[in-house]
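Read the structure below first, then the notes.
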Amino acid sequence: MLREIVQVGDPVLRKVCEPVTRYDASLAALLDDMKETLRAAEGAGLAAPQVGVPVRAVVVDVEEGYFELINPVFVWQKGEQVGPEGCLSVRGKAGTVRRPDKVKVVFSDRRGDRYSLVARGFFARAVCHELDHLDGILYTDKAENIRDAEDE
Ligand code: CO
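Just so we're aligned, residue 2 is where the sequence shown starts under our numbering, counting upward by one.
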């Protein structure tokens, strides 16, 4: 089911999200809906607070694959990259953001099993952007040159 993507100004985007504690049908439904909503919006990632649910869950859809990260935590961050970013909750804008070039994250899947992954380049950027959402941080807080995005 498609969910409405909350836009900047809604206080849910500024919350420090709560950890997921129940790996149940409602979590599965949330993740399924986030995937569908992300694909429909043609984005690279979506965090649960962006659909109004302030829990620590994100989905990322990049060249390397589709990932669901529950209660994700950075293990390390390395290097640096500077590049353009946008956000489905800040429509029509883009900005230049400095991010680590490579990150390692531990996370749970929707069953509660714990995994880790290493992401680099755009994948790392997407992971960093989505994890920021879980702490109420928007890319616009970090970006230089916030500008009107080009029409697609
Ligand atoms: Co975003």
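Glycine included, C-beta positions come from ideal geometry on N, C-alpha and C.
Using three-state DSSP, classify residue i as helix, strand or coil.
| i | result |
| --- | --- |
| alanine 45 | coil |
| glutamine 78 | strand |
| lysine 143 | coil |
| glutamate 19 | strand |
| glutamate 37 | helix |
| arginine 54 | The sequence given here has valine at residue 54, not arginine. Coil at valine 54, not helix or strand. |
| valine 7 | coil |
| proline 73 | strand |
| glutamate 153 | Confidence in glutamate 153 is poor, its pLDDT being 44 and thus under 50, which makes the residue's placement too unreliable to answer from. |
| proline 101 | coil |
| leucine 32 | helix |
| leucine 14 | helix |
| serine 167 | Only positions 2 to 153 of the chain appear in this structure, which leaves residue 167 out of reach. |
| leucine 135 | coil |
Tell me residue i's beta-bridge partners as DSSP assigns them.
| i | result |
| --- | --- |
| tyrosine 67 | Asp62 |
| cysteine 129 | Paired residue(s): none; cysteine 129 is not in a bridge. |
Rounded to whole angstroms, what is the Cα-Cα separation between residue i and residue j?
| i | j | result |
| --- | --- | --- |
| asparagine 146 | aspartate 25 | 42 Å |
| asparagine 72 | valine 98 | 24 Å |
| leucine 28 | glutamate 69 | 11 Å |
| glycine 80 | valine 104 | 9 Å |
| aspartate 34 | arginine 4 | 7 Å |
| valine 52 | alanine 150 | 22 Å |
| glycine 84 | tyrosine 67 | 22 Å |
| leucine 32 | valine 56 | 11 Å |
| threonine 38 | glutamate 131 | 15 Å |
| valine 13 | alanine 49 | 10 Å |
| arginine 92 | glycine 10 | 12 Å |
Have a look at the options and flag the residue whose alpha-carbon is nearest the alpha-carbon of residue i.
| i | options | result |
| --- | --- | --- |
| alanine 127 | Lys143, Ser117, Cys88, Arg112 | Cys88 |
| leucine 47 | Val7, Glu64, Ser117 | Val7 |
| alanine 30 | Gly10, Val63, Arg112 | Arg112 |
| glutamine 82 | Ala125, Thr22, Met2 | Ala125 |
| valine 21 | Ala95, Arg40, Asp114 | Asp114 |
| valine 63 | Arg121, Pro101, Ala144, Asp142 | Arg121 |
Contact criterion: CB-CB distance below 8 Å. Does residue i meet it with respect to chain D?
| i | result |
| --- | --- |
| proline 12 | Absent from the structure: chain D. Only one protein chain is present. |
How about the region 15-29 and the region 128-142: do they share at least three Cβ pairs that are nearer than 8 Å?
yes
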